[in-house]
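>
In the working numbering, the protein residues as written are 4 to 243.
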């Protein structure tokens, strides 16, 4: 075997290793049955990394456990198609709730306190401005940020999800549940992982068209706190 052939074989091996690593990252945390169609080798590789849903019994009902404690905060990395685009934070205390999104060029804060809902924005280099909103969901829509997701709100709408095993986030064990919706060729998957106290530590929104993943949005917990100060729910500017 000549030198050029050996070099070519070495390049091929390196490329295969890189592609394998990328595949491992792209499909982390999702059961094999929830993904698109792959080769038999890929299916075997994926099955070895994640547990399938069919052999696991749920440790508790998602609806009974979700938000069972009413005071916590979580800071997440927000990723779109495996690339970090910003940070997301949620704060819950009783009936008060706050959702923050921080990106390179703009920040958003949405606050629910009693019957009042406020949405605030701060473009880079400018001051905060706040407006009244009808609901947290309407406030999210008003930002125009299609990648802004609310792990608490989305978890509340999950209905009767299926169990998908457990994974660790921010040093805590998360119990993961998912639900799928299908409309024509479009399939939407939502997955939420919660602690044994109902705190959401992971959120996934994924779209597939013709069995090919076209969008993947994730909120991945970095830090969790069990106490929240009351002044967190004060808007950064007076609502107009």
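Glycine residues also receive a C-beta, built at the ideal position from the N, C-alpha and C atoms.
#1: Would you call the CB atoms of residue 124 and residue 110 closer than 9 Å?
#2: Under 8 Å by Cβ, that's how I've got residue 236 and residue 101 pegged, so tell me the actual separation to the nearest angstrom.
#3: Say whether the region 174 to 191 touches the region 128 to 141, bearing in mind that this needs 3 or more beta-carbon pairs closer than 8 Å, one atom from each stretch.
#4: Alpha carbon to alpha carbon, what distance is there between residue 183 and residue 210?
#5: So, helix, strand or coil for residue 82, using DSSP?
#6: Below 8 Å on the Cβ atoms is my guess for residue 178 versus residue 197; work out the distance and round it to an integer in Å.
#7: Using the three-state DSSP reduction, which class does residue 129 fall into: helix, strand or coil?
#8: Name the one or two DSSP bridge partners that residue 110 has.
#9: Go ahead and label residue 163 buried or exposed: buried means 16 or more other beta carbons lie within 10 angstroms of its beta carbon, across all protein chains shown.
#10: Measure the C-alpha to C-alpha separation of residue 119 and residue 113 and round it to an integer number of angstroms.
#11: CB-CB under 6 Å to residue 99, same chain, minus the five flanking residues each way: which ones, in chain order?
#12: Candidates 121, 151, 212 and 68: which alpha carbon is nearest residue 239's?
In this structure, then:
#1: yes
#2: 6 Å
#3: no
#4: 10 Å
#5: strand
#6: 6 Å
#7: coil
#8: 105 and 125
#9: exposed
#10: 11 Å
#11: 116 and 236
#12: 121
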